Amino acid sequence: MTHLATYNVPLALIDSYPNRRLIVRATDPQAVVNSLLPPHLENLVALQLLDISADLDVLDGWNRGLPIEMVLRNPAGDTMKLYRLCRLQRSHPVRVVLPIVAGFGNAARVASFLHVPVKLEGTPPEPELMEEFSTTLDFFLHNKAVSQPIDYFAGLLTALLHKQPVTLWELQEEDPSIVVYVTDDGGETIARPPFTGGEDLDTFRFELTRRVLEPEAECASCDFFLNCGGYFKWPDDDYSCADVKQIFQRVREAAYELQDDLSLYPTVPGEPAT
Amino acid sequence: MSNQLSLILLPTNKCNVACEYCFEDKTADFMTHDQLSLTIEKLLDHMEQQSIDELIIYWQGGEVMIMQPAWFERAHELIAGAASRRGKKIGHSLQSNMIGYSPKWNRIIAEMFGNSVGTSMDFPNLYRKARGHTAEEYTQLWTRNVRMAREAGIQIGVISIPNKESLRAGGAAFYSYFVDELGVTDFQLNTSFSGGELNESKTESILDMKPLAQFFVELADVWFERGYAAGVKLGPIDELFNHFAGRMATLPCIWQQNCTDNFVSIDARGHVAQCDCWVTSYPEYRFGNVFGAKSFSQVMKESKSRRHFVNRPEAMIEHETCAACDYLSICHGGCPVRAYSITGEFFVKDPYCEVYKALFSRVEKLATELSRARFARSLPVLQTRGGLVNQGINL
């Protein structure tokens, strides 16, 4: 892959990626503080932590301003622990990553109440989670306490509002030309579960697009392809997007409402028109 | 990203009055300048370790004006010197009952405290008394001293706790007493808690939540009608209004995400605890002693009591109904000392929950009404449809 990409690497492999932009992935914050030397910090763009139960206090005064992403593998069980991020927010921009599993909606809600940005993992939602998914979208769109993005809702809303042809691959930082995920055993793959590898990262987006836009494929006639890019057709080409399209539809309706409302306001000289 | 620590410092645990509902277990201890210097140096070490740039010291007691102005002048010099040597900022705020105030305090109040003092008075005053004197005598002395301080140009902020007679008098009378009668334009509501050794007044000061909620709501309405446009500050109602109007707001400590992130208290004996409400009255919840400890950071890091405070908001999410509450973002389960002193339990939500929710709801409604009124006065084209204001879509 290109050297312009950012590599999400486990702490143990950091020396295998010199002179690259790095997201370092770790379970133990103390090990991060102990292992990362000044040369490492030069290329460090973010820290990804995998255990919210670890002692986060060691990061309080360390490398202030470095973005930290906390991945919650068990949102239902770990929602209360989101409060541990409040202190971390004093010295670092913090984002929480939530897999789409039962309880993610409540975790997203509490994170938002703590003013922590949320990234929902791109795994296609199972049918039994669509109600929770829909409620979370409602919360993001309409709850007055939401002051930080819940992505990909926020990114999608912005893209649709401003008619930008940006796809979920870019919004979710999972396009392999942007971010490459390095597995614990050194394999390079897409930065989204299941992290199993096997793709040719140089041709991944091209090949996926070619497959999903075949004449009979669902994406070929989908209104949202411009902002989706076949995102939910990986890793399973046969995934049915019927439920996901409803989510896209509601975000698009919200974007239209915003466009209408904003168009009523006079543009201030010097301010870009919407 | 906040980078400030607030210290509630009690240079003396002694008080010159005997308010019946006071939560502090008072002693005759005073802090010496040597002890103060030691404390400040340890705090500065902690600030360096934690990359904290600024410390705000809230001077309280006991009663601070039992100390002499000369003591504060020397303290000011010592602290400014120590802060300067470390490249840190230390600011000061004064809370006094004003019973010991005289013009000899004016210079240090101006130089050290920005010519501002916070004090306390209730309407009507039931529990604030000097030993052997009545509440009326206390009120007269306090009123005289506050007027004298204001004539000297000192800005006075007042904290007030509604009591059973406040509820009987109603929000309008309460507001009129402070704003119209005393001329106070900056006051703050607080709620009672029965800290320390229980007595009849403390028990009586914990009001039924429903009428108290109604009182807070009524007062919010009175403030909105008479005080908002006039610039009267009535905490926490004015700051809640700012919050719901989408402006920057500073909400009180009882509604912080986690009070351990921002506050700590040290008393005249060097005891460290979460705040002044804990440091004298609940020895079992002290974090340690700063005079004897190797470092302040060590006290904070190793205290098992402090872990209770750190973990409390998590318990609110796990065991209480807070996660389902739409006001979680501005409350976080409320104040631990109110929970503990009133219920005897630490890991439960603030028993004033019902009062807070009623107040949040009312102030939110007032802020929305004001937005709608402004919307209606705006360009005609904006009035033709329900736009952003009505849809409530987040940008």
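Heads up: the protein sequence lines correspond to chains A and B, in order. Residues -1 to 272 (this note's numbering) are what the first sequence spells out, left to right. Residues 11 to 405 (this note's numbering) are what the second sequence spells out, left to right. Ideal Cβ positions, reconstructed from N, Cα and C, are used throughout, including at glycine. What you are looking at is a predicted structure, and each value in this text was computed from that prediction instead of being measured.
Quiz item: Under a Cβ-count criterion, where at least 16 other Cβ atoms within 10 Å of its own Cβ denotes burial, should residue 56 of chain B be classed as buried or exposed?
Solution: Here residue 56 of chain B refers to the residue found at position 46 when the second sequence is read from its first residue. Residue environment analysis places residue 56 of chain B among the buried positions, since at least 16 neighbouring C-beta atoms fall within 10 angstroms of its C-beta.
Self-check item: Beta-carbon gap between residue 104 of chain B and residue 72 of chain B smaller than 8 Å
Solution: If you number the second sequence from 1, residue 104 of chain B lands on position 94. If you number the second sequence from 1, residue 72 of chain B lands on position 62. Residue 104 of chain B places its beta carbon 8 Å or farther from that of residue 72 of chain B.
Quiz item: Skipping 5 residues on each side, what residues in its chain have a beta carbon closer than 8 Å to that of residue 7 of chain A?
Solution: For this step, residue 7 of chain A is matched to residue 9 along the first sequence. Apart from sequence neighbours up to five positions away, the residues of its chain that approach residue 7 of chain A with a beta-carbon distance below 8 Å are 14, 15, 20, 21, 22, 23, 180, ordered along the chain.
Exercise. Count the other CB atoms, across all protein chains shown, that sit within 10 Å of the CB of residue 68 of chain A; report buried if there are 16 or more and exposed otherwise.
Key: Numbered from its first residue, the first sequence carries residue 68 of chain A at position 70. Counting C-beta atoms within 10 angstroms of its own C-beta, residue 68 of chain A has 16 or more neighbours from the protein chains shown and is therefore classed as buried.
Quiz item: Since residue 123 of chain A contacts residue 131 of chain A with CB under 8 Å, what's their CB separation in whole angstroms?
Solution: Residue mapping note: residue 123 of chain A aligns to position 125 of the first sequence, counting from 1. Residue mapping note: residue 131 of chain A aligns to position 133 of the first sequence, counting from 1. Beta-carbon to beta-carbon, residue 123 of chain A and residue 131 of chain A are separated by about 5 Å, close enough to satisfy the 8 Å threshold.
Practice problem: Return the CA-CA distance between residue 85 of chain A and residue 58 of chain A, expressed in angstroms with no decimal places. | Solution: Stepping through the first sequence from its first residue, residue 85 of chain A is reached at position 87. Stepping through the first sequence from its first residue, residue 58 of chain A is reached at position 60. Computed Cα separation, rounded: 8 Å.
Quiz item: In its own chain, which residues sit with a C-beta less than 7 Å from the C-beta of residue 303 of chain B, not counting the 5 before and 5 after it?
Solution: Here residue 303 of chain B refers to the residue found at position 293 of the second sequence. Counting only Cβ-Cβ distances below 7 Å, and skipping sequence neighbours, we find 309.
Quiz item: Among all the DSSP beta bridges, which residues are the ones paired with residue 68 of chain A?
Solution: Here the question's residue 68 of chain A lines up with position 70 in the first sequence. Bridge partners of residue 68 of chain A: A:47, A:94.
Self-check item: residue 456 of chain B, DSSP secondary structure in three states
Solution: Outside the shown range of chain B (11 to 405) lies residue 456 of chain B, about which nothing can therefore be said.
Quiz item: For residue 162 of chain B, does the three-state DSSP call read helix, strand or coil?
Solution: The count along the second sequence starts at 1 and reaches residue 162 of chain B at position 152. Reduced to three states, the DSSP call for residue 162 of chain B is coil.
Quiz item: What is the residue span of the beta strand (DSSP E) that residue 281 of chain B lies within?
Solution: If you number the second sequence from 1, residue 281 of chain B lands on position 271. From DSSP, the beta strand (DSSP E) with residue 281 of chain B extends over 281 to 283.
Self-check item: Separation of residue 121 of chain B from residue 144 of chain A, as counted between CA atoms
Solution: Taking the first sequence and counting its residues from 1, the one referred to as residue 144 of chain A is at position 146. Taking the second sequence and counting its residues from 1, the one referred to as residue 121 of chain B is at position 111. Whole-angstrom Cα-Cα distance: 42 Å.
Quiz item: Any C-beta of chain A sitting closer than 8 Å to the C-beta of residue 405 of chain B?
Solution: Within the second sequence, residue 405 of chain B is the residue found at index 395, counting from 1. Its pLDDT being 37, under 50, residue 405 of chain B is placed unreliably in this model, and the value from its coordinates should be taken loosely. It does: the Cβ of residue 405 of chain B has a partner Cβ on chain A nearer than 8 Å.
Quiz prompt | Under the three-state DSSP convention, the category residue 172 of chain B falls into | solution = Taking the first residue of the second sequence as position 1, residue 172 of chain B is located at position 162. In this structure, residue 172 of chain B counts as coil in the three-state DSSP scheme.
Quiz prompt | Of the residues B:297, B:89, B:82, B:107, the one placed nearest residue 29 of chain B, counting alpha carbons only | solution = One-based indexing of the second sequence puts residue 29 of chain B at position 19. Ranked by Cα distance from residue 29 of chain B, the options B:297, B:89, B:82, B:107 are led by B:107.
Exercise. Whole angstroms is fine: what's the gap from residue 155 of chain B's alpha carbon to residue 86 of chain B's?
Key: Mapped onto the second sequence, residue 155 of chain B falls at position 145. Mapped onto the second sequence, residue 86 of chain B falls at position 76. Residue 86 of chain B has its alpha-carbon roughly 24 Å from the corresponding atom of residue 155 of chain B.
Quiz prompt | Whole-angstrom C-beta distance between residue 112 of chain A and residue 150 of chain A, which should lie under 8 Å | solution = For this step, residue 150 of chain A is matched to residue 152 along the first sequence. For this step, residue 112 of chain A is matched to residue 114 along the first sequence. Contact doesn't hold; Cβ gap of about 20 Å is too wide.
Quiz item: Does DSSP put residue 46 of chain B in a helix, in a strand, or in coil?
Solution: The residue you call residue 46 of chain B lines up with position 36 of the second sequence. In the structure shown, residue 46 of chain B sits in a helix (DSSP, three-state: H, G or I).
Quiz prompt | Listed by chain order, chain A residues near residue 339 of chain B by CB distance under 7 Å | solution = Here residue 339 of chain B refers to the residue found at position 329 when the second sequence is read from its first residue. Within chain A, the residues near residue 339 of chain B are 111, 143.
Self-check item: chain A within 8 Å of residue 323 of chain B, Cβ atoms only
Solution: Taking the first residue of the second sequence as 1, we reach residue 323 of chain B at position 313. Yes, residue 323 of chain B counts as interfacial toward chain A.
Quiz item: When Cβ atoms are compared, which residues of the segment 125 to 140 of chain A fall closer than 8 Å to chain D?
Solution: This model lacks chain D altogether, as its protein chains are A and B.
Quiz item: Given that a residue counts as buried once 16 or more other Cβ atoms are within 10 Å of its Cβ, and exposed if not, what is residue 75 of chain B?
Solution: Translated into positions along the second sequence, residue 75 of chain B becomes position 65. Burial state of residue 75 of chain B is buried, judged by a 10 Å Cβ sphere holding 16 or more other Cβ atoms.
Practice problem: Between the Cα of residue 366 of chain B and those of B:225, B:274, B:82, B:382, spot the shortest distance and give me the residue it belongs to. | Solution: Counting from 1 along the second sequence, the entry for residue 366 of chain B is found at position 356. Residue 366 of chain B has its Cα closest to that of B:225, out of B:225, B:274, B:82, B:382.
Self-check item: Contact check, residue 318 of chain B vs residue 267 of chain B, beta carbons under 8 Å
Solution: The residue given as residue 318 of chain B occupies position 308 in the second sequence. The residue given as residue 267 of chain B occupies position 257 in the second sequence. Cβ distance not < 8 Å, so residue 318 of chain B and residue 267 of chain B don't count as in contact.
Quiz item: What is the residue span of the alpha helix (DSSP H) that residue 257 of chain A lies within?
Solution: As a working note, residue 257 of chain A is residue 259 in the first sequence. Counting along the chain, the alpha helix (DSSP H) containing residue 257 of chain A begins and ends at 240 to 262.
Quiz item: Which two residues bound the contiguous alpha helix (DSSP H) that contains residue 245 of chain B?
Solution: By one-based count along the second sequence, residue 245 of chain B stands at place 235. Counting along the chain, residue 245 of chain B falls outside any alpha helix (DSSP H), though it belongs to the beta strand (DSSP E) covering 243 to 245.
Quiz item: Going by alpha carbons, who is nearest to residue 369 of chain B out of B:244, B:63, B:114, B:135?
Solution: In the second sequence, counting from the first residue as 1, residue 369 of chain B sits at position 359. Residue nearest to residue 369 of chain B within the set B:244, B:63, B:114, B:135 is B:244 (criterion: CA-CA distance).
Quiz item: Given a threshold of 16 other Cβ atoms within 10 Å of its Cβ, counted over all protein chains shown, does residue 404 of chain B qualify as buried or as exposed?
Solution: Numbered from its first residue, the second sequence carries residue 404 of chain B at position 394. Per-residue confidence for residue 404 of chain B stands at a pLDDT of 41, beneath the threshold of 50, marking its modelled position as unreliable; no derived number is given.
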